[in-house]
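Note that my numbering has the sequence shown beginning at 51, numbered continuously upward.
Cβ coordinates follow ideal geometry from the N, Cα and C atoms, glycine included.
Keep in mind the model is a prediction, meaning the values are calculated, not measured.
Take a look at the structure below.
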Amino acid sequence: MLLRTRFQLALLLLPLATSLLFSLYVVDREISRERTAMMQRLQASVQAIMPGLANAALEADDQRLHELAQMLIDQRDVRGLTLRTPEGGTLLHMGPSQRPQTSSLLESDAYPQAPDALVLVTPVIDPWREARRGDRISWLILEASDTRIVLHRYQLLVGYGLANLVFGLALLLFAYHASRRMLQPFHDLGEAMTRLARGETHQRLPVQGNDDMSELAEHYNLSVEQLKRAREDMQDQIDQTTRDLHESMETVEIKNIELDMARRKALEANRIKSEFLANMSHEIRTPLNGIIGFSNLLGRSDLDNRQRDWLGHMQNASSSLMSLINDILDFSKIEAGKLELEKVQMDIEPLIEEVLAMHAPEAHRKHLHLLGLVYDDVPQRFEGDPLRIKQVVTNLVANAVKFTEQGEVIVRVMVDDLSGSSTRLKIAVADTGIGMDSAQRNRLFQAFSQGDPSRARQFGGTGLGLMISKRLVEQMGGEIQVESLPGHGSTFLFSVPVAVSSIEERPREIVFDHQRICLIEPHPATRRALSYLLSRWSLDLVGIEEQPDLVVVALESRDLKRLEEWSQRLKHLPCRVLCLLNAPLPANIEDLQQYGIDELLSKPVTRLQMRHKLANLLHSPRRDTPRLQELPAFTPLEDGTTAGRLTPDLSAPLPERSPASPRPPETSPASPMPDGLPQAATPAETPNMTRKCVMVVDDNPSNRLLAEELLTDMGLDTLAAQSGEEALALAQQQPVDAVLMDIQMPGMNGLEATKALRHQQRMRHEHLPVIALTAHALAHERRELLAEGMDDYLIKPVDEHLLANMLSRHLGITLSVPKTPPHDTAPAFSPLSSATDAGSIERGKRPEGTPPMPAAFEGLSEQDGELPIVDMALGIEMAGGRKALALEMLGLLIKSLPESEVTIRRAWAVQDGEAMLDGVHYLNGACRYCGVPRLALLVEALETRLRVSGLDQLEDDVAALFDAIASLAQWAQSEEATLLLAESRPDASDRER
């Protein structure tokens, strides 16, 4: 409320309220006085006639009573009169009022409460005569109307109200003028403050007199002066600050220009560093791949144990250096933000199995248990980057194996928040290794840093792996964490988001007919996993005393030295025996059947291998062996090995089956099998293995020929295709179980053919293993092959043992390389010896202990310290000891030389790098399996240079290649070559027929 309003209200309301209260007081006093006067007049009138009224009442003179009563009624304002007897009866009544009858009335009742009248009650007594005892007293009740008093009160109120109204108007006028006069200084002060708020400081308030307003005006003027001076000072400071700011801005602008120039220089330096890093990596890769290639060739020659040990160290060092280069390149890509992720359909189960198989040799060496657990709620197919997920898992598993000396390494794959079209894939790698404290955990994910630097020399490593893994997981939108305690192992857990098309549970791979399985597995985690898997496949787990249909027993590497003890029970069991060995497969795997082991798998076991082995063994005829009660007692091993611990289970006697107990029907080899199970082996096949079909896709005839020979010797059926188009047509006509795919082929290359095959198999809801065959693959190219959909890769020339192990893993069967017949072997003569140590082996001489070569081979050895043009001993070794096959492949190479030379010369003439690489690659693949060391090494080196640095500075290499081709063509025209190649023609004719 404004001060003016408050002041006006105070001037108006206070006097007016006082006047009103005074008026009401005066009216009330006046009315009270009139009422008192009326009562006194009535009492005087009653007292005047009281003696006569008393006598008339005593004498019962009614006339006299009426006369006296009429005198009272005639008085002003008297409305009624009542004379009552002592008993309360009415003796006389006059007037309109009718008072209620009472038995007794007192004088104190003279003023009863009545809304419109005054009542006087008095006894009728003669004041001049003393009342005698026994005289009865009558009562007079007189009623008077107060209408005249009320009317007078209203008149007073109206009069005083008008007076107060006039007084209020006068007060209002006075308050208005007084407020304007008295509050004008405040109004002026308010306007001055408003002007001051707008920044006007030139006006001052007048100072008149010595009152409070003058003092307030004086203080205001002083404040304005001080404010004016403060503003002037502030403006001076602002001006000074502005000048300083302008100077600072100029300095900052100069610094920004300098920083921008420095940034550009830094970017340029970083670009130069990246280019230098890439160039250096390629420059290092070139000789490193040459070292690895020459090491592989050197490993095929005759070396003593010490030299082979040196070679192994050299190969390990080369592989470690290549891995380090790859880590540095990944680190540089991540730092530069150039690492690109892809989203393709993938299945996590074969990826985990492949990683575990990769680290199985080191785990076997340290007697560790490797176990992969993929939970059933993990989708079978989802979109992700399999290459990067595999890289992270590989790094975590490698660290777990590296830092664990005993115990286990378990990989668990699970999902979190499985809903809709997306979920989070969680992978945990747990070990029982040395563990870490909190300080070591904090250093884990830093570049070139390890948890415990003091152990870096003991365990090795660059400290880049975990940092790269963390960056990869974060780039995929996930997170990685670690839980560890010193001495209690570590658990690395990372989760990444993936897109799923279906949230259904993983389907069961196979369903059995509730056959009985006795599982003997000492490792608790593996036992639980296998028990769940077998139960999921509808197999019943029973004890050895319940006469099972199959016994699955797990052995350690040390148990291989106690096979005689194991055989005392295993070979006499009436059922088949599947052995799970926590060690590499032994070379004499065929000899294990004499110890009672029908099939052998090396841990970690894949689901594919497990179901194939179970299907084959459960549908094979049971053994015809005596009951266990008749067997000699079994003596436990003394060193506490697995056999000794499991003796009570295996030594328990087997009870006879009662006639009522169910017995699975024995299936003969020719009898049909249940749907979904592989067929039993026929007599033409191996006893316990379903015969598989593998397709070989290669545009080089010699490569196809050798691959077919190797696969056929392993007991596999083969299909051959010389192009990707032909492979697709064959795959539609006949089902195949695996594919060996060459990468570089004319028309549809190997990668395109693999994608087309994947599409075909996806329509059939099947997964077809495709193994890449390439004559030249750098480390990053091998990762790209796996990212493009290849399940594995092999480098030409193909090693028979590597091929057998790889196919065994992907097909779920056990393959072994057959022993080469003695008459078909040839001594391995090292073509590298003359290149590395010229003149150490003279012409016509062989190392001590080596059988002499045939006469036709004598002219094929090295001359003048150079690699020989043709080395048939090396060719026969590459052909797996097959002389006829080696001669046939050599003939195919010589036959294709003119076309290859024309292709390479044409590409070199027009400087077509792609055509040049295709021609050299084709020739390199053709030379891989032939004993032509000079041409093979030249073409391999040339392909490496082409892949790394293109066509730059290759004149000498190309010229040396053409000279080697000419030398081989010239040798092919010699009489010795004609006689030698003639030996392969009959076999080739038979093959064509």
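For Arg129, the enclosing beta strand (DSSP E) starts and ends at Val128 to Arg134. The beta carbon of Met939 sits closer than 7 Å to the beta carbons of Ser752, Leu755, Leu756, Ala929, Tyr979 and Cys980 from its chain, once the five residues preceding and following it are set aside; these are given in chain order.
The distance from the Cβ of Lys416 to that of Glu458 is about 11 Å, inconsistent with a contact at the 8 Å cut-off. Just measuring C-alpha positions, the residue of Leu141, Val169 and Leu371 sitting nearest Val96 is Val169. Here Gly774 really is in contact with Gly800; their C-beta atoms are around 7 Å apart, less than 8 Å.
Collapsing the DSSP output to three states places Pro557 in coil. Per the C-alpha coordinates, the member of Leu221, Arg661, Glu275 and Leu522 positioned closest to Leu64 is Leu221.
Counting along the chain, Tyr843 sits inside the beta strand (DSSP E) bounded by residues Asp842 to Ile845. Here Lys653 carries a coil assignment [DSSP, helix/strand/coil]. Per DSSP, reduced to three states, the secondary structure at Met526 is coil, with no helix or strand assignment. Straight-line spacing of the CA atoms in Glu403 and Glu615 works out to 32 Å.
Annotation for Thr140: Thr132, Leu133, Arg134 and Gln151 place their beta carbon closer than 8 Å to its own, counting only its chain and skipping 5 residues before and after.
Residue pairing by DSSP places Met408 in no beta bridge whatsoever. In the three-state scheme derived from DSSP, where H, G and I count as helix and E and B as strand, Phe217 is classed as helix.
The continuous beta strand (DSSP E) containing Phe544 extends over residues Ser540 to Val550. Burial check for Ala367: the Cβ neighbour count within 10 Å stays below 16, so the residue is exposed.
In its chain, beyond the 5 residues on either side, Ile199, His202, Arg203 and Leu206 have a beta carbon closer than 8 Å to the beta carbon of Ile81. In the assembly as shown, Ser534 is a buried residue. Its beta-carbon has 16 or more other beta-carbons within 10 Å. By the Cβ criterion, the region 917-936 is not in contact with the region 1000-1010, since fewer than three pairs of Cβ atoms, one from each stretch, lie closer than 8 Å.
Apart from sequence neighbours up to five positions away, the residues of its chain that approach Arg114 with a beta-carbon distance below 6 Å are Ala106, ordered along the chain. The C-beta separation of Ile460 from Val424 comes to about 12 Å, leaving the pair out of contact by the 8 Å criterion. An exposed status is given to Lys315, since fewer than 16 other beta-carbon atoms sit within 10 Å of its beta-carbon. Residue state for Pro235 is assigned as helix, using DSSP reduced to three classes. The region 255-267 and the region 281-292 do not touch, with fewer than 3 CB-CB distances between them shorter than 8 Å. Restricting attention to beta strand (DSSP E) runs no shorter than 3 residues, the region 753-800 encloses them at 767-771 and 788-792, ordered along the chain. Look at the beta carbons and you see the region 948-958 not touching the region 775-784: under three pairs across the two are nearer than 8 Å. Taking Leu1030 as reference, the option from Pro572, Gly941 and Gln618 with the minimal CA-CA separation is Gly941. In the DSSP assignment, Arg577 falls within the unbroken alpha helix (DSSP H) covering Pro574 to Arg586. The region 650-662 and the region 628-636 touch, with no fewer than 3 CB-CB distances between them shorter than 8 Å. The beta carbons of Tyr843 and Leu852 sit about 11 Å from each other, so the pair does not count as a contact at 8 Å. Between Ala803 and Ala779, the C-beta spacing is not below 8 Å.
Per the coordinates, the alpha-carbon of Gly483 lies some 34 Å from the alpha-carbon of Asn355. A straight line joining the alpha-carbon of Val603 with that of Met660 spans about 13 Å.
Secondary structure at His622: coil, using DSSP grouped into helix, strand and coil.
For Glu268, the CB contacts under 6 Å within the same chain, skipping 5 residues up- and downstream, are Val257 in chain order.
Distances from the alpha-carbon of Leu823 to those of His809, Ile845 and Gln810 put Ile845 closest.
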